[in-house]
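Novice: Got a structure for you, written out below as C-alpha cells; questions coming shortly.
Protein chains in written order, with the numbering used here: chain E, 1 to 650; chain Z, 1001 to 1104.
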C-alpha cells in the first residue's frame, strides 16, 4: 500500500459537497455562468482524480497475490452508542466501488457540460447546478460506503436529490406529481431496506460490510448458523433479511412492481434523466446486491433466485411497454428499466466461484457499458427535444440532417444497446446471456426474447426520430438549418460519450471485476453469441421495415394486436392498480377510519382538556383582583391554616 | 435590680406584631404599609433578643439573627421604596387601592 488514497478520496467526496453549499448559498447572487463553470470545474477535477485513483487501484497496488483487495481508506467512528454498536463513516475501495467512481464522475461531468447549453436561460440555473453537485456527492458517498448504514444514509440522500431534480420545474403540476411519486415509491421500498438492515446487522452483530460478509458468507460461522436456523415460509431468516434489503434495491432500481416512478421521473430536465435515471442512481439497487453478493450466493441462494426472477420478469415486461410508448423519453425510461433488469437477473443466475460467478461480472460489465450508452441516448434525446420542443414522436422524423452529431451518437448507442457485434452492449450482454444459459434456462429464454425486443424498440425510436418522414420545414425560429451550431457544449459531451461508448466494450472487464476479486477470463462462446445477435438483427430488421419510411404498416399491426397493444400502451394498468389499491382500498378502509378516529376521538380529548382548563381558569380569575391587600389576606389565611395544622395535626 | 419578666417582653412584641399586621391590612397608603412591615420585623427582632438573653445568655445567635434581619429589612425598604416611587410616577398616587390594574 504505497499509494496514498486519502487525499484524492477526500477531494473526490468533498469538492462536490462544497460546490453544493457554495452554489446553493450564493443562489442568484452569482451569475449563471459562474455557477455553471464552478460545477464543470469541480466535476472535471473529480473525474481526473477518479481516473487517477482507478489507475492506481487497478494497475499499481490494488492487487495483492492476484486478488483485488478491499481497502478501507477511512473508517472513522461517527456515532458511538455502546461498545458493540457504533456507526462509522468511511471510504472503502474495491473493484466495484472504483468502477462506480469512474462511471459516476465521468457521466456526471458530461452532464454538467451538456447542461451548460441545455439549461441555458432557465430560471434557477444556479440551483440546478447545486442539485447536480449534491447528487454527485451523495452517489459517490453511496458507492464508497464502508458499512451498510452509511450506504443507507447516502441512499436517502440520492433519493432527495433525485426528488429535487425531478421536481425542478416546480411550476408544472405533472413534475410535482412525478417528484412526489418517485419519493413515495422509493421511500416505501426503503422501509424494506431499513428492516432488512436491522434484521441482518443485528444477527451479524455488525454493520460493516467486510465483517458482515466474512461472518455471513460462511455457512459454518455461528452468525450464519443462527440466521440459517430460523425459518419462515420455507426460507431462512438470512434469506428474508436479504429479500428485505433487495426490496430497497428494487425500489431504487425500478424493478417490477416498484418501477412505476421511473417513467414519470422523466418530467425532470433531460440531462438529469441521463445522469440519475439512466446511468447512476437507478443502478444503486444492482450495486447493493453486488455489494452483498457473497452472502447472497453462498448463504442464501433462494433469495438470489428471487432476484433473478424479478429481474427477468421486469426485463420482458418493460421491454414490451417500451415498444408502445410514443414519448421518446418514456421509451428510454422503460428501456432503462429493462436493461437494469438484465443486470439484476444476471446477478440472480450467478453462482459463487471462478466460472460460476460469470453472471456477477457480466452484470457489472453491463452496468458499466449501459451507463455510457444510455446516458448518451438520453443526451441525444435531449438534443432532439431541444431542437423540436416536443417529447412526442409525432413531431419528429427526418432529423438526421438537422442534428448530425446527435444522429451519430444515437445510432452508435442504439447499435450498442441492441447488442450488434463490435459495440459495447454486445460484449456485456453476451456475458449475461452466457451466464443465464448456464444458470437458468427459463431466464435465458426470457433474456434472449427481451434482447430481440430491445433491438426492435430502440431502432423504432431511432428510425422514428431520424428517418420516417422527410425533414420537415420550419420548426420554430431555427428552421431547417443545422441546429447543433448553437450548442457546442452539448456536442462536446456527446462526442466524448461516443468515444467512451466505442471503447468501453473492449475493456477486459473480467480481469478487474469479479465476485471474489480474482481475475477471471470471460469465456467467449460463439454458439452462445449467435442467438442474441440473430434476434437483435431480426429486431432491427423489423423496425427498419416498419419505421424507416412513413407507411401504414405500424397502424395495421397495432390494430391487429388490439387489446394487447392497448394494455401495453397503458403500461399494463399498473398505475391504475396502484391507484385502485391506494385510493379505493387503503384510503377507504384504513385512511378514512383513521381520520375519523383522529378528528373525533383524539382531537376531542385534547380539545376537551383545553376547554376544561379554559373554563376553570375563567371562573377563578376574579381572585386575581390586583389589590395587594386581598392577596395579603389570602397569604395570612394560608399562614394561619398552616399554623393550625402544625398545632393540631399531631 | 429586678429583671423585667420575659412575658412582658413577649407581650410587647406581640402587640407590635399585630399592630403591624393590622396596619398592613388597614392602611391604604403604601408608605404606611411599608412601615407596618417594619413593625412586624422589629417585633421578631425583639423576640430573638429576648429569647437569647433569657434562655441562652452565654450565646449570641439571637443577636446575630436580629442583625441579619435589620440588614435584610434595610434592603427590603430600599427595594420597596423604589417600587413605590415607580408606582407613583405611573399612577400619580401612593394609594394601594388605585393601583389595581396590574393583574392578568
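All residues carry an ideal CB built from backbone N, CA and C; glycine is no exception. Since this is a predicted model, take the numbers as computed values, not measurements.
Compute the Euclidean distance between the alpha carbons of residue 521 (chain E) and residue 307 (chain E), then round it to the nearest angstrom.
Specialist: Cα to Cα, residue 521 (chain E) sits roughly 25 Å from residue 307 (chain E).
Novice: Can we say the stretch 265-275 of chain E touches the stretch 237-252 of chain E, given the rule of at least three CB pairs closer than 8 Å?
Specialist: Segments in contact, no.
Novice: Are the CB atoms of residue 365 (chain E) and residue 431 (chain E) nearer to each other than 7 Å?
Specialist: Going by C-beta atoms, residue 365 (chain E) is nearer than 7 Å to residue 431 (chain E).
Novice: Are the Cβ atoms of residue 98 (chain E) and residue 86 (chain E) separated by less than 7 Å?
Specialist: The answer is no: Cβ separation not under 7 Å.
Novice: With a 10 Å radius around its C-beta and 16 neighbouring C-beta atoms as the bar for buried, classify residue 1066 (chain Z) as buried or exposed.
Specialist: With 16 or more Cβ atoms within 10 Å of its Cβ, residue 1066 (chain Z) is classed as buried.
Novice: So which of E:539, E:269, E:138, E:403 has the shortest CA-CA distance to residue 123 (chain E)?
Specialist: The shortest C-alpha separation from residue 123 (chain E) is found at E:269.
Novice: Can you tell me whether DSSP reads residue 392 (chain E) as helix, strand or coil?
Specialist: Strand at residue 392 (chain E).
Novice: Nearest to residue 30 (chain E) by CA position, among E:127, E:94, E:82, E:598, is which residue?
Specialist: Here the closest residue by C-alpha is E:127.
Novice: Going by Cα to Cα distance, which pick from E:53, E:15, E:319, E:57 is closest to residue 38 (chain E)?
Specialist: Measuring from the Cα of residue 38 (chain E), the nearest candidate turns out to be E:15.
Novice: Which residues, in chain order, does the stretch 612-643 of chain E contribute to contact with chain Z at a C-beta distance below 9 Å?
Specialist: The residues in question are 621, 624, 625, 626, 627, 628, 629, 632, 633, 636.
Novice: On the three-state DSSP scale, how would you describe residue 68 (chain E)?
Specialist: Note: residue 68 (chain E) maps to strand in three-state DSSP.
Novice: Determine whether the Cβ of residue 1018 (chain Z) lies closer than 7 Å to any Cβ atom of chain E.
Specialist: No, because no Cβ of chain E sits closer than 7 Å to the Cβ of residue 1018 (chain Z).
Novice: Where does the unbroken beta strand (DSSP E) through residue 93 (chain E) begin, and where does it stop?
Specialist: It spans 86-93 - the beta strand (DSSP E) in which residue 93 (chain E) sits, taken as one unbroken run.
Novice: List, in order along the chain, the chain E residues whose C-beta lies closer than 7 Å to that of residue 1103 (chain Z)?
Specialist: Within 7 Å Cβ-Cβ: 624, 625, 626.
Novice: Using the beta-carbon count (16 or more within 10 Å), is residue 167 (chain E) buried or exposed?
Specialist: So residue 167 (chain E) counts as buried.
Novice: Would you verify that the beta carbon of residue 1091 (chain Z) is, or is not, closer than 7 Å to some beta carbon of chain B?
Specialist: This model lacks chain B altogether; the protein chains it does include are E and Z.
Novice: With a cut-off of 7 Å, does the C-beta of residue 1096 (chain Z) fall near any C-beta of chain E?
Specialist: Yes, because at least one Cβ of chain E sits closer than 7 Å to the Cβ of residue 1096 (chain Z).
Novice: Between the alpha carbons of residue 1017 (chain Z) and residue 1035 (chain Z), how many angstroms are there, rounded?
Specialist: About 12 Å.
Novice: Between the alpha carbons of residue 209 (chain E) and residue 217 (chain E), how many angstroms are there, rounded?
Specialist: Their Cα atoms are separated by approximately 11 Å.
Novice: The alpha helix (DSSP H) that contains residue 469 (chain E), what's its start and end?
Specialist: That residue, residue 469 (chain E), is in no alpha helix (DSSP H); it is neither H nor E in DSSP.
Novice: Can you check which of these residues, E:169, E:146, E:141, E:170, is closest to residue 156 (chain E) by C-alpha distance?
Specialist: Comparing Cα positions, the closest option is E:141.
Novice: Classify residue 74 (chain E) as helix, strand or coil using the three-state DSSP reduction.
Specialist: In the structure shown, residue 74 (chain E) sits in a strand (DSSP, three-state: E or B).
Novice: If you draw a straight line from the C-alpha of residue 479 (chain E) to the C-alpha of residue 550 (chain E), how long is it?
Specialist: Its pLDDT being 47, under 50, residue 479 (chain E) is placed unreliably in this model, and the value from its coordinates should be taken loosely. Near 22 Å, if we compare the C-alpha coordinates of residue 550 (chain E) and residue 479 (chain E).
Novice: Just how far apart, CA to CA, sit residue 231 (chain E) and residue 300 (chain E)?
Specialist: Approximately 12 Å, taken between the alpha carbons.
Novice: Have a look at residue 1058 (chain Z) and residue 625 (chain E) and give me their C-alpha separation to the nearest angstrom.
Specialist: Each residue's Cα considered, the two are about 50 Å apart.
Novice: Can you tell me whether residue 1078 (chain Z) is buried or exposed? The criterion is at least 16 other CB atoms within 10 Å of its CB, across all chains shown.
Specialist: Label assigned to residue 1078 (chain Z): exposed.
Novice: Which residue wins for smallest C-alpha separation from residue 359 (chain E), given the options E:531, E:578, E:345?
Specialist: Taking only the C-alpha atoms, the option nearest residue 359 (chain E) is E:345.
Novice: Against chain E, does residue 1100 (chain Z) count as a neighbour if the rule is that its beta carbon must be under 7 Å from one of theirs?
Specialist: It does: the Cβ of residue 1100 (chain Z) has a partner Cβ on chain E nearer than 7 Å.
Novice: Taking 7 Å as the threshold (C-beta atoms), are residue 426 (chain E) and residue 462 (chain E) in contact?
Specialist: No, these two residues do not count as a Cβ contact at 7 Å.
Novice: If you draw a straight line from the alpha carbon of residue 323 (chain E) to that of residue 158 (chain E), how long is it in whole angstroms?
Specialist: Rounded to the nearest angstrom, the two C-alpha atoms are 30 Å apart.
Novice: Can you grab the Cα-Cα spacing for the pair residue 614 (chain E) / residue 1103 (chain Z), in whole Å?
Specialist: Cα-Cα distance, rounded: 17 Å.
Novice: Whole angstroms is fine: what's the gap from residue 455 (chain E)'s alpha carbon to residue 414 (chain E)'s?
Specialist: Taking the straight line joining both Cα atoms gives about 8 Å.
Novice: Nearest chain E C-beta to residue 1025 (chain Z) closer than 7 Å, yes or no?
Specialist: Cβ-Cβ to chain E under 7 Å: yes for residue 1025 (chain Z).
Novice: With C-beta atoms as the reference, is residue 254 (chain E) less than 7 Å away from residue 262 (chain E)?
Specialist: Yes, the pair counts as a contact, with Cβ atoms nearer than the cut-off.
Novice: Tell me whether the stretch 523-539 of chain E and the stretch 366-379 of chain E touch, counting them as touching only if at least three CB pairs, one residue from each stretch, are closer than 8 Å.
Specialist: Contact between the stretch 523-539 of chain E and the stretch 366-379 of chain E is absent, because fewer than three Cβ pairs lie under 8 Å.
Novice: Can you name the residues that DSSP bridges to residue 549 (chain E)?
Specialist: Looking at the DSSP assignment, residue 549 (chain E) forms a beta bridge with E:468.
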